[in-house]
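With full-length UniProt numbering, the residue at position 458 of the sequence shown is 458, and numbering never jumps.
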Amino acid sequence: MKQDAAPGPDGLNVAFYRAAWPWLGDDIVQLIHSFYETGNLPPQLNKTFIVLIPKKSVSIKPEDFRPISLCNVIYKIISKSLAQRIKPHLPHSIHKAQSAFIPGRHITSNIIIAQEITHSFILSSWNQKGFMLKIDLAKAFDKLNWNFILKALLALGFNHTLTNRIAACIIGTSLSVLVNGQPHTTFFPSTGIRQGCPLSPYLFVIAINELSKMLQAALHNSSLLGITLGPHCPQIHSLLKNVDTPTRIHIKNIFPVQNLTASTTHLGHPLIFSHKDRSAAYSFLKHKFIAKLNTIKANKLSHAGRLTYINSVLASIPIYYMTNILFPKKFINQLNSILMKFWWAGIQEENAKPFHFRAWEDLTTPKSQGGLGIRNLHAVNQSLVLHSTWMIASQKDPFLHKVIKSKYFLNTTFWKAPNNTPKSVFWSSILKIKHHLHNNCTFQIHAGNTNIWTEPWCTNWKNIHNHLLIPITQPTLPNTVSDLWDSETEHWNISLASHTFDPIITNQIASLRRVLYPSGQTVYPNKMVYNKL
C-alpha cells in the first residue's frame with residue numbers, strides 16, 4: 001500500500017501506521033487474529049468514504065463518474081490478507097478468456113484477440129455467418145449480488161470459513177459520499193463491491209467467471225457456436241459475423257445497440273482500423289498529452305520540474321497503447337514534438353516553434369552518458385511490442401498462442417511463420433519487430449523437444465538446411481534436438497551429428513550445454529531490451 005494514499009474515515013494513512021507500529025502493532029495484530037477466529041469485523045473499521053472521479057471532461061450523469069472507495073488502513077490489511085489467500089488459486093480456477101487480475105495473465109491478450117477477431121470479420125475471405133456483440137457491463141462492481149458472490153466462491157471450492165470472512169467484509173459496510181471534501185449522509189448498500197477494496201478485483205473475476213461457465217456450457221450443447229480464427233483455434237464465445245439485413249434488424253430489436261464503427265473501442269483500444277489508419281485511430285493520444293499539460297501551470301515549472309513531469313506523467317501516457325502495435329515514426333515524432341516544446345518553452349501554441357538548443361536524441365540519451373534520460377518513445381514502443389512477441393514465441397500465454405498460431409502459422413512454428421498471409425495490424429507489427437528475437441534468442445536445451453529445423457536452438461539455425469551433408473548418408477534425419485543426444489552416455493552423439501551436418505553445425509552442437517532445470521533469464525527483461533534498442 002502506498003504510504004501517502006488518501007486515508008479512510010479514520011483520517012489515518014499508511015505512513016501513520018508505519019510510524020506508530022512500535023506502539024500499535026501488537027493491538028492491530030491481535031485485532032486481525034480476533035477477526036479470523038470469530039468472523040466479527042467492527043463496523044467502524046468497515047466504514048468507507050466514496051469519492052466520485054469524473055470520467056469525462058464534462059460529467060453530468062451518475063454513470064459519468066467512477067466511485068472510488070477510501071477504506072480504513074486496518075480494513076485494507078484484513079481484506080488484503082484475504083485476497084492473498086484466494087489469489088494463488090485463480091489461475092487454475094478462472095476461465096482462460098479472463099486475463100485481468102489473474103497472476104501470469106495479461107490484459108493485453110484480450111485486446112489482441114479482440115482486434116484479431118475484428119480483422120478476420122472484415123476479410124473478404126471470411127465465410128462464417130453470425131454477428132459480433134460487444135457487451136460493456138455498466139457499473140459492474142456496483143451491481144454484483146452478494147449472495148451470488150458467496151455462492152461463486154463456494155462453487156470454486158473455497159471453504160465456508162473463508163467465505164464467511166469475506167462476507168463480513170463486503171456485507172457489513174457503510175458508505176458516505178464526499179462532496180467538496182465533506183462526508184454526507186451515511187447509507188448502507190444492499191449490493192455491490194467497492195472499487196478501492198483489495199478484495200474487489202478478485203471477487204469480480206470470480207463472479208464474472210460464472211458467465212464464462214454459462215457460455216462454455218452453451219458451446220457444449222451447441223446453442224452457441226462461437227468463432228474460430230483457424231483450425232485448432234479455441235472457440236471464442238459469442239463472436240460471429242456476416243448477418244443479412246433482416247436478421248441484423250431483428251438482432252438490433254432484441255439488443256438495442258449501435259453498429260460497430262471506427263470509434264468503437266475495447267479496453268481503450270480501437271477495434272476497427274487498418275495498418276495505414278494507425279495514426280488516426282490513436283490520435284486521441286495527442287489530445288491526452290495536451291489535456292495533461294493544460295491541467296498544470298506548466299510555464300511556472302523549472303526545467304527540473306518539467307523533466308520530472310515528462311518522465312513521470314507525459315511519457316507514461318502512451319505505454320498502455322504501445323503494447324500491441326508499432327506506431328508510425330511520424331506519429332511518434334508528433335508526440336515527441338509535444339514533449340520537446342514543453343521541455344524548452346513550457347506550454348506554447350500548437351504552431352509555435354521554440355528554439356531547441358540540443359537535438360531530441362541528446363535529451364533521450366541516458367543520464368550516465370550525458371543526456372537527460374527522457375524516454376525514447378520509439379524504443380519504448382519497440383520493446384513493448386517485443387514483449388507481446390515474446391509472449392507468443394515462448395508460449396507464456398497458451399490461450400493467446402493458440403489463437404495466433406491457428407490464424408498465422410498453423411503448420412509451422414512461430415520462428416518460421418510465413419509473411420504472405422492477410423495480416424492484422426498486430427501481426428504486421430510482430431513481423432516487423434521479430435528479427436530482434438531472431439538475433440538475440442536461443443533455446444536452452446532441457447528435455448530436447450526443440451525442433452531442429454524450425455526453432456532457434458543453435459547459432460546457424462535459420463539456414464541449417466544449407467549445412468546438411470550431401471549426399472545424405474543417414475536413413476532418417478533427426479527431427480528434435482533430443483535425437484542428437486545419447487541418453488546412455490549423457491553426451492551429444494557427435495558421430496550422428498558429423499554424419500548429418502557439416503563441421504560448423506557439429507562444433508556448435510558439441511559446445512551446447514544441456515541443463516537439468518531451466519535457469520538464467522526466464523522472464524522478458526523490459527528495461528534491458530529498451531536500453532539495447
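By construction, the Cβ of each residue, glycine as well, lies at the ideal position given by its N, Cα and C atoms.
Since the structure is predicted, the reported quantities are computational estimates derived from the model, not experimental observations.
Under DSSP, Asn-324 takes part in no beta bridge, so it has no partner.
Taking one beta carbon from each stretch, the region 416-429 and the region 301-315 have fewer than 3 pairs nearer than 8 Å; the two do not touch.
An exposed status is given to Asn-411, since fewer than 16 other beta-carbon atoms sit within 10 Å of its beta-carbon. Residue nearest to Thr-459 within the set Leu-477, Glu-63 and Asn-440 is Asn-440 (criterion: CA-CA distance).
Here Met-1 has Val-14, Val-73, Lys-76 and Lys-80 as same chain residues with Cβ atoms under 8 Å from its own Cβ, once five neighbours each way along the sequence are excluded.
Given a length threshold of 4 residues, each whole run of the alpha helix (DSSP H) inside the region 152-188 is given here in chain order: 160-171. When C-beta atoms of the region 132-142 are compared with those of the region 285-303, fewer than three pairs fall below 8 Å, so the two segments do not count as touching. The Cβ neighbour count for His-119, taken over all protein chains shown within 10 Å, is at least 16; the residue is labelled buried. With fewer than 16 other CB atoms across the displayed protein chains lying within 10 angstroms of its CB, Arg-18 is exposed. For Lys-87, the three-state secondary structure derived from DSSP is helix.
Under the Cβ criterion (8 Å, minimum of three pairs), the region 461-472 does not count as touching the region 489-496. In the three-state reduction of the DSSP assignment, Pro-318 falls in the coil class, being assigned neither a helical nor a strand state. Taking a 10 Å sphere around the C-beta of Val-29, we find fewer than 16 other C-beta atoms and assign the residue as exposed. Using a C-beta cut-off of 8 Å, the region 368-385 makes no contact with the region 394-402, since fewer than three inter-stretch Cβ pairs fall below that distance.
By the 16-neighbour rule on beta-carbons within 10 angstroms, Arg-358 is exposed. Here Cys-458 is not bridged, per DSSP, to any residue. Beyond the five residues adjoining it in sequence on each side, Phe-399 comes within less than 6 Å, by CB distance, of Lys-96 in the same chain, given in chain order. In this structure, Ser-34 keeps its C-beta atom at 8 Å or more from the C-beta atom of Ile-50.
Residue environment: Trp-21 is assigned as exposed (fewer than 16 neighbouring CB atoms within 10 Å of its CB, all protein chains considered).
When DSSP reads this structure, Lys-80 sits in no beta bridge, so it has no partner. Collapsing the DSSP output to three states places His-465 in a helix. The DSSP-derived three-state label of Arg-66 is strand.
The beta carbon of Gln-216 sits closer than 6 Å to none of the beta carbons in its chain outside the five residues before and after it. The Cβ-Cβ distance between Phe-204 and Phe-148 does not fall below 8 Å. Beta-bridge partners assigned by DSSP to Asn-381: none are found. Ile-430 counts as buried, since at least 16 other C-beta atoms from the protein chains shown sit within 10 angstroms of its C-beta.
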